[in-house]
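Just so you know, the sequences run in chain order A and B. Heads up: the first sequence at position 107 corresponds to 107 in the working numbering, and the numbers run straight through without jumps. Heads up: the second sequence at position 87 corresponds to 87 in the working numbering, and the numbers run straight through without jumps. Notes to accompany the following structure.
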Amino acid sequence: GDKVKQSPSALSLQEGTNSALRCNFSIAATTVQWFLQNPRGSLINLFYLVPGTKENGRLKSTFNSKESYSTLHIRDAQLEDSGTYFCAAATSSGQKLVFGQGTILKVYL
Amino acid sequence: EAAVTQSPRSKVAVTGGKVTLSCHQTNNHDYMYWYRQDTGHGLRLIHYSYVADSTEKGDIPDGYKASRPSQENFSLILELASLSQTAVYFCASSGRLGGANQDTQYFGPGTRLLVL
Numbered sequence: 001g002d003k004v005k006q007s008p009s010a011l012s013l014q015e016g017t018n019s020a021l022r023c024n025f026s027i028a029a030t031t032v033q034w035f036l037q038n039p040r041g042s043l044i045n046l047f048y049l050v051p052g053t054k055e056n057g058r059l060k061s062t063f064n065s066k067e068s069y070s071t072l073h074i075r076d077a078q079l080e081d082s083g084t085y086f087c088a089a090a091t092s093s094g095q096k097l098v099f100g101q102g103t104i105l106k107v108y109l
Numbered sequence: 001e002a003a004v005t006q007s008p009r010s011k012v013a014v015t016g017g018k019v020t021l022s023c024h025q026t027n028n029h030d031y032m033y034w035y036r037q038d039t040g041h042g043l044r045l046i047h048y049s050y051v052a053d054s055t056e057k058g059d060i061p062d063g064y065k066a067s068r069p070s071q072e073n074f075s076l077i078l079e080l081a082s083l084s085q086t087a088v089y090f091c092a093s094s095g096r097l098g099g100a101n102q103d104t105q106y107f108g109p110g111t112r113l114l115v116l
């Protein structure tokens, strides 16, 4: 099965609303990264997480290694938040990331 | 700002031909990676390297070779391109992952490859 499973697979949000994306891990993740692939195809770094929480503007992310999940909260969604969000986990070997399949987010007026 | 560049940005190749995709990083990172992304899908790891002159197989290495002639450069080689290798290819670099050293993986802009 999928080692990194993202949910939901797709999401539509009205501008100004809030939502949360989730990743569940079936591997022993030690760090998590979140990326946004914008409509032009570029992959943008959002967060690098050890267990704990980080916040950046309207985005907040938590990584709980004991319960093997990570969340990305989007507050006051804006049109420019649209794109595909990927989470990826590294294990203690430290050599590579395992990616989830992504959550497609569309923000509308 | 970390920088990873890829060339070419797009390419049309013929079935059976040889294709070389190049990646260059100025981040002084030990690790470099090649991924492919198919339309509507996530990223799959093809090959990676953690030191010059050495490469490792990723999750889908069949049909691809890799070369790391220096710390800064990492190439992906399709010796006999096939239709199924049409995809977008991303290169990335990072320090050693999995620790607390903020070793974020940085991606290049991608190369669109169309095999006809």
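The beta-carbon is built from N, C-alpha and C at its ideal position, and this holds for glycine as well. Bear in mind that the values here come from a model prediction, so they are computed numbers and not experimental data.
Same chain, Cβ closer than 7 Å to residue i, five either side skipped, listed in chain order
i	result
A:Y69	R22, C23, N24 and F25
A:G16	D76 and A77
A:D81	I74, L105 and V107
A:P8	T103
With 16 other Cβ atoms within 10 Å as the buried cut-off, status of residue i
i	result
B:R9	exposed
A:Y108	exposed
A:Q14	exposed
A:K66	exposed
B:D38	exposed
A:R40	exposed
A:K96	buried
Beta carbon of residue i nearer than 8 Å to that of residue j
i	j	result
B:L114	B:V19	no
A:F99	B:G42	yes
Simplified DSSP assignment, three categories, for residue i
i	result
A:E80	helix
A:L109	coil
B:Q85	helix
B:N73	strand
B:R36	strand
Same chain, Cβ closer than 6 Å to residue i, five either side skipped, listed in chain order
i	result
B:Y50	D30 and Y31
Spatial neighbours of residue i in its chain, beta-carbon cut-off 8 Å, leaving aside the 5 residues before and after
i	result
A:A20	T71, L72, H73 and I74
Contact between the segment 98-107 of chain A and the segment 67-78 of chain B (3+ Cβ pairs under 8 Å)
no
On the three-pair Cβ rule with 8 Å, is the segment 48-67 of chain B touching the segment 76-88 of chain B?
Note that the segment 48-67 of chain B touches the segment 76-88 of chain B; at least 3 beta-carbon pairs, one per stretch, sit closer than 8 Å.
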